[in-house]
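Asks: Next up is a structure, given as structure tokens.
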Ligand SMILES: C[S@@+](CC[C@H](N)C(=O)[O-])C[C@H]1O[C@@H](n2cnc3c(N)ncnc32)[C@H](O)[C@@H]1O
């Protein structure tokens, strides 16, 4: 009996994929990286390979240098297993600092940047950025990014996750000294008082890291029915270890980190010049599947923001009844796509990742409608890759990675 295993047919025998590359869409993207990148590029920036011609890749080495066992030494067994099993896909660099709901798989974004030939010198935009996964991935590859989200909490998350890629180690030292004192301050004083410092000052970065850890603890304490006092030192310790280990890996690997602009703003009216970005990768709300404001209500209120003010601009949160909600959703998405077309260069790749929540939308397929809306804005639809969603089979089976090209 003769059989050649699939992976041996796809790749040369001296190539190996990182652990956990087991979905069809991942093999598809790995094959695309293999066909698009030179061998040197595969070693330096590929997302799915462990070995290229027998040589360990930068992604594989960086993930291992980050010592996730140490980062999670005080986490519960479940949390530790979760992060370790996502060592090459979700848990590396600063992605694990806040577990934002509905966040991209970072490894997928890395592959998308690679196969679209986005390189240092280019600018990539995510105009509905959530936790800024796109910006972090771009920066890790030395590419500059612009990250925009309507939520001020997402702005904080995006800033911390991106500036922590390139942070003065003294800041970490000073945070580690007095966690209890920091906690008492955060519980007593209102946050804006801390922010009298200049936007990019080192002192401000210090507060933004501890503030994000505090807001992370708020959600964690609520979910686990524990007290903030008990959990905060552990969360802060995890933040410090995550950043410190990434800094060690960065130094060892001599990584050049790109710059990010993190902006609080709306995709419906982007504060960006026409024809200025080289690529867009984004994921809008999947109609009204998640109420992003309610999800982050305690954090937004702590930061002093009114949910009502944000609600009108937020995509997917207006209307009564399914058909009215969808009508408003699609009219906002049309405007969002128009803005994406305006700010991106001719020929720029625009990738929209979206899942259909058919059951909630009475069978209306979001992908099909998005493809139609994009056509009206001179975005050529190239094709889609399907990505299954594990664990949500009852409401949502898969997400689509929709590839468009700006044809204006
Ligand atoms: C699916 S999530 C994006 C998650 C992101 N891909 C990540 O990796 O974290 C959709 C995001 O769209 C944002 N959003 C909704 N309406 C918006 C608007 N009008 N302008 C900008 N962002 C908006 C929400 O705040 C939410 O963070």
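Residue numbers (our numbering): 2 to 409.
Don't be surprised by glycine CBs; every beta carbon is placed ideally from N, CA and C.
I'd like to confirm something about residue 350: is its beta-carbon nearer than 7 Å to some heavy atom of ligand 1, or not?
Replies: Counting from 1 along the chain shown, the entry for residue 350 is found at position 349. No, the Cβ of residue 350 stays beyond 7 Å of every heavy atom of ligand 1.
Asks: Can you tell me whether DSSP reads residue 340 as helix, strand or coil?
Replies: Position 339 of the chain shown, counted from the first residue, corresponds to residue 340. Residue 340 falls in the helix class under three-state DSSP.
Asks: In the DSSP assignment, find the unbroken beta strand (DSSP E) run with residue 51 in it and report its ends.
Replies: Counted from its first residue, the chain shown places residue 51 at position 50. From DSSP, the beta strand (DSSP E) with residue 51 extends over 50-53.
Asks: Between 216, 27 and 132, which has its C-alpha nearest residue 11's C-alpha?
Replies: Taking the first residue of the chain shown as 1, we reach residue 11 at position 10. Among 216, 27 and 132, the Cα nearest to that of residue 11 is on 27.
Asks: Residue 239: which of 174, 349, 353 and 74 sits nearest, CA to CA?
Replies: Mapped onto the chain shown, residue 239 falls at position 238. When each option's Cα is compared against that of residue 239, the closest is 74.
Asks: Give the DSSP-derived three-state secondary structure of residue 379 in the structure shown.
Replies: As a first step, residue 379 must be located in the chain shown, where it is residue number 378. Three-state DSSP puts residue 379 in coil, outside helix and strand.
Asks: What residues in its chain sit with their C-beta under 8 Å from that of residue 1, if we drop five residues either side in the sequence?
Replies: Limits of the chain in this structure are 2 at one end and 409 at the other, which puts residue 1 out of reach.
Asks: When you compare the CB positions of residue 54 and residue 283, do they come within less than 8 Å of one another, or not?
Replies: Against the chain shown, residue 54 aligns to sequence position 53. Against the chain shown, residue 283 aligns to sequence position 282. No; because the gap between Cβ atoms is not below 8 Å, this pair is not in contact.
Asks: Which ranges would you report for the alpha helix (DSSP H) in the stretch 122-156 if only whole runs of at least 4 residues count?
Replies: Within the stretch 122-156, the complete alpha helix (DSSP H) runs of at least 4 residues are 134-141.
Asks: Is it true that the CB of residue 166 sits closer than 8 Å to the CB of residue 258?
Replies: Translated into positions along the chain shown, residue 258 becomes position 257. Translated into positions along the chain shown, residue 166 becomes position 165. In this structure, residue 166 lies closer than 8 Å to residue 258 by Cβ.
Asks: Tell whether a beta-carbon distance below 8 Å holds between residue 243 and residue 98.
Replies: Your numbering for residue 243 matches position 242 in the chain shown. Your numbering for residue 98 matches position 97 in the chain shown. Going by C-beta atoms, residue 243 is nearer than 8 Å to residue 98.
Asks: Would you say residue 110 and residue 130 are within 8 Å of each other, going by their C-beta atoms?
Replies: On the chain shown, residue 110 is found 109 positions in, with the first residue counted as 1. On the chain shown, residue 130 is found 129 positions in, with the first residue counted as 1. No. Outside cutoff.
Asks: With H, G and I counted as helix, E and B as strand and the rest as coil, what does DSSP make of residue 364?
Replies: Walking along the chain shown from the start, residue 364 turns up at place 363. In the structure shown, residue 364 sits in coil (DSSP, three-state: anything other than H, G, I, E or B).
Asks: My assumption, with CB atoms under 8 Å, is that residue 367 sits in contact with residue 287. Please give the rounded CB distance.
Replies: Looking up residue 367 in the chain shown gives position 366. Looking up residue 287 in the chain shown gives position 286. About 6 Å separates the two Cβ atoms, so the contact holds.
Asks: Flag residue 268 as yes when its Cβ comes closer than 7 Å to any non-hydrogen atom of ligand 1, and as no otherwise.
Replies: If you number the chain shown from 1, residue 268 lands on position 267. True, at least one ligand heavy atom lies under 7 Å from that Cβ.
Asks: Does residue 16 come out as helix, strand or coil in the three-state DSSP assignment?
Replies: Translated into positions along the chain shown, residue 16 becomes position 15. Here residue 16 sits in coil by DSSP.
Asks: With DSSP run on the structure shown, which of helix, strand or coil describes residue 358?
Replies: Taking the first residue of the chain shown as position 1, residue 358 is located at position 357. Coil, per DSSP.
Asks: Measure how close the beta-carbons of residue 360 and residue 334 come, nearest whole angstrom, since I'm counting them as under 8 Å.
Replies: In the chain shown, the residue the question calls residue 360 occupies position 359. In the chain shown, the residue the question calls residue 334 occupies position 333. The pair is not a contact, with the Cβ atoms about 20 Å apart (cut-off 8 Å).
Asks: Is it true that the stretch 158-172 meets the stretch 322-331, where meeting means three or more beta-carbon pairs spaced less than 8 Å apart?
Replies: The stretch 158-172, when compared against the stretch 322-331, does not touch it at the 8 Å Cβ threshold.
Asks: Touching or not, the stretch 29-47 and the stretch 209-225, by the rule of three or more beta carbon pairs under 8 Å?
Replies: Verdict: no, contact absent.
Asks: So, helix, strand or coil for residue 335, using DSSP?
Replies: Translated into the one-based positions of the chain shown, residue 335 becomes position 334. DSSP places residue 335 in helix when its eight states are reduced to three.
Asks: Quick one: is the Cβ of residue 5 within less than 7 Å of any heavy atom of ligand 1?
Replies: The sequence position of residue 5 within the chain shown is 4, counting from 1. Residue 5: no, Cβ never under 7 Å from ligand 1.
Asks: Taking residue 206 as the reference, which of 184, 189 and 176 has the closest Cα?
Replies: Position 205 of the chain shown holds residue 206. The residue with the shortest Cα to Cα distance from residue 206 is 176.
Asks: Take the Cβ of residue 270 as the centre, count every other Cβ of all protein chains shown within 10 Å, and call the residue buried at 16 or more, exposed below.
Replies: Indexing the chain shown from 1 puts residue 270 at position 269. Exposed.
Asks: Buried or exposed: where does residue 106 fall if 16 or more other Cβ atoms within 10 Å of its Cβ makes it buried?
Replies: Within the chain shown, the letter at position 105 stands for residue 106. Buried.
Asks: If you measure between the beta carbons of residue 31 and residue 50, is that distance less than 8 Å?
Replies: For this step, residue 31 is matched to residue 30 along the chain shown. For this step, residue 50 is matched to residue 49 along the chain shown. A contact, by the Cβ cut-off of 8 Å.
Asks: Within the present structure, is the beta-carbon of residue 104 separated from the nearest heavy atom of ligand 2 by less than 7 Å?
Replies: As for ligand 2, it is missing from this structure, which binds only ligand 1.
Asks: With a threshold of 6 Å on Cβ separation, who are the neighbours of residue 63 within its own chain once the five nearest residues in sequence on each side are excluded?
Replies: Here residue 63 is taken as the residue at index 62 of the chain shown, counted from 1. Cβ neighbours of residue 63 beyond the five flanking positions: 250 and 254.
Asks: How many Å lie between residue 209 and residue 202 at the Cα?
Replies: Residue mapping note: residue 209 aligns to position 208 of the chain shown, counting from 1. Residue mapping note: residue 202 aligns to position 201 of the chain shown, counting from 1. About 11 Å.
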